[in-house]
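Heads up: the sequence lines are chains Z and P, in that order.
The opening residue of the first sequence carries number 1 in my numbering; numbering runs sequentially from there.
The opening residue of the second sequence carries number 210 in my numbering; numbering runs sequentially from there.
Encoded as structure tokens, the structure appears first; notes follow it.
2 protein chains.
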Amino acid sequence: MLGNNQNGQGLLVVLSAPSGCGKDTVLALLEKCMPIRRSISMTTRPIRPGEQDGVDYYFVDEPYFQRMLQEDKILEYTRYAGNYYGTPRTAVDEWLHTGETVVLKIEVEGGANVRRLYPDSVSIFLVPPGMAVLEDRLRRRSSESEEEIQSRMTIARSEMKHAPQYDYIVVNDRLEDAVENIRGIIQAEKHKTCRSANLLSEVINNAES
Amino acid sequence: MLGNNQNGQGLLVVLSAPSGCGKDTVLALLEKCMPIRRSISMTTRPIRPGEQDGVDYYFVDEPYFQRMLQEDKILEYTRYAGNYYGTPRTAVDEWLHTGETVVLKIEVEGGANVRRLYPDSVSIFLVPPGMAVLEDRLRRRSSESEEEIQSRMTIARSEMKHAPQYDYIVVNDRLEDAVENIRGIIQAEKHKTCRSANLLSEVINNAES
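See below:
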């Protein structure tokens with residue numbers, strides 16, 4: 001029977017969004033409705049109220065981050081608002097090798113790095129339904145000063161301009177819709193002919209036998 | 210608010226499959242779970258038991274088909290197993306213009322024609338879980354002689370070889386899964402950045418305002 005193992009190689013999904021757009025909530029719900037592996041990024045920025053080490057990020061200090069870099073244990077990294085953000089290498093390649101779907105939650109700069117390293121990856125850009133909504137969400141999070149909020153908004157505006165470089169754009173208006181759309185995109189990508197080399201050769205062999 | 214009208218231009222979906230693979234059943238279910246427009250093909254082949262004129266195909270005679278061709282009312286056509294199969298032009302462009310999702314159920318030759326005419330279209334190839342299953346399904350349809358079944362199997366084998374030219378491959382093993390997968394592919398394609406010119410400019414303008 002065909003299609004039991006469409007491809008031995010997993011799917012790498014890059015998910016980016018301006019901060020405050022709700023990508024953590026989206027990802028948490030996505031995890032509940034389909035089997036994905038989340039790669040947790042490592043950062044030197046301070047932990048915010050409500051965040052958990054090893055869940056939202058691995059929160060480390062700069063010397064530790066530098067040592068990881070020297071030991072080539074960081075897949076890609078970027079410096080953003082004065083802090084380092086990096087993707088630990090270990091798990092990602094292993095998961096992909098065993099055919100799993102790996103989701104990287106990553107800043108726009110990091111997204112571009114990953115696309116270069118993994119041209120076969122799929123990139124999704126989550127956008128807020130409007131900048132006013134984004135500002136409101138940042139304000140309600142209330143972990144930051146007005147100055148920090150304005151600085152985040154400035155960064156968000158410039159991040160939004162990276163949208164055209166992504167394969168898909170999903171508007172995070174209703175949360176459940178955004179999750180369902182991302183789930184659908186991942187599901188669909190798995191059926192791409194270019195990702196179905198094994199299935200394709202089975203189809204052809206079947207037809208010839 | 211963003212995303213209410215992601216693109217003014219509709220999505221053209223080409224669905225092909227070897228005969229007997231169940232594409233009519235799949236399409237009938239797909240119509241029930243998402244808004245699509247089905248373009249009904251026109252053919253000169255005789256109607257089979259259980260088929261309905263204007264539902265499965267428009268069944269016409271050869272002089273009528275030739276007149277349609279002369280009047281440029283056929284988008285594309287192909288001759289297959291001694292009969293003509295064509296796509297009437299009228300509805301397709303109109304539906305696409307109003308932003309609808311149009312599904313063309315079409316033979317592999319016709320599929321290649323449509324992809325040339327509409328490079329922006331999405332093509333899906335539905336395959337049976339195995340050639341034995343396909344033969345069994347053709348036999349159970351029992352509208353055809355053994356000779357006809359063997360001739361259809363030969364054609365099916367050669368049709369399967371067109372699979373690599375399609376964007377997506379979906380295995381029609383469990384019917385509901387095949388329908389759900391096709392629905393997901395269509396949904397995902399609507400979120401492609403390259404199809405979201407309007408959304409993208411809204412995003413950028415929003416970020417600049």
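Using N, Cα and C, we set each Cβ at its ideal position, and we do this for glycine too.
Determine the direct distance from the alpha carbon of residue j to that of residue i, and round the result to whole angstroms.
| i | j | result |
| --- | --- | --- |
| L15/Z | K23/Z | 8 Å |
| A132/Z | C21/Z | 11 Å |
| V388/P | E148/Z | 48 Å |
| V331/P | C242/P | 19 Å |
| R276/P | R174/Z | 51 Å |
| S19/Z | S158/Z | 11 Å |
| A321/P | L11/Z | 28 Å |
| N181/Z | V170/Z | 7 Å |
| P49/Z | S143/Z | 7 Å |
| M362/P | A397/P | 33 Å |
| R324/P | P35/Z | 34 Å |
| L27/Z | N172/Z | 12 Å |
| E100/Z | L117/Z | 18 Å |
| I186/Z | T252/P | 37 Å |
| D53/Z | V264/P | 59 Å |
| A226/P | S360/P | 16 Å |
| L200/Z | Q9/Z | 14 Å |
| D93/Z | I74/Z | 12 Å |
| V127/Z | L343/P | 44 Å |
| R141/Z | D329/P | 41 Å |
| P255/P | T287/P | 16 Å |
| Q70/Z | T307/P | 56 Å |
| P373/P | N198/Z | 12 Å |
| R89/Z | D72/Z | 8 Å |
| S405/P | G291/P | 42 Å |
| E411/P | E240/P | 31 Å |
| S250/P | R346/P | 23 Å |
| T25/Z | R139/Z | 17 Å |
Quick check on residue i: does DSSP put it in helix, strand or coil?
| i | result |
| --- | --- |
| K190/Z | helix |
| P88/Z | strand |
| V14/Z | strand |
| Q215/P | Because Q215/P carries a pLDDT of 39, less than 50, the predicted location of this residue cannot be relied on, and the following value inherits that uncertainty. It is coil, neither helix nor strand. |
| S410/P | helix |
| T234/P | helix |
| D93/Z | helix |
| M34/Z | coil |
| R257/P | coil |
| D177/Z | helix |
| I249/P | coil |
| E285/P | strand |
| A207/Z | helix |
Taking residue i as the reference, give the member of the options with the closest Cα.
| i | options | result |
| --- | --- | --- |
| V103/Z | K192/Z, V203/Z, L29/Z | L29/Z |
| P338/P | E355/P, R298/P, D386/P | D386/P |
| E76/Z | T98/Z, G82/Z, H97/Z, K105/Z | K105/Z |
| V222/P | A372/P, R348/P, P373/P, K399/P | K399/P |
Rounded C-beta distance between residue i and residue j? I'm assuming under 8 Å.
| i | j | result |
| --- | --- | --- |
| E318/P | Y289/P | 7 Å |
| G86/Z | F65/Z | 7 Å |
| Y293/P | E271/P | 7 Å |
| T193/Z | Y266/P | In fact, because the Cβ distance is near 27 Å, the residues do not count as touching under 8 Å. |
| A207/Z | K370/P | 6 Å |
| R392/P | W304/P | Not really, about 18 Å apart at Cβ, beyond 8 Å. |
| A91/Z | S39/Z | 6 Å |
| I333/P | Y375/P | 6 Å |
ask   = What runs of the beta strand (DSSP E), each 3 residues or longer, lie entirely inside the region 102-175 of chain Z?
value = 122-127, 168-171
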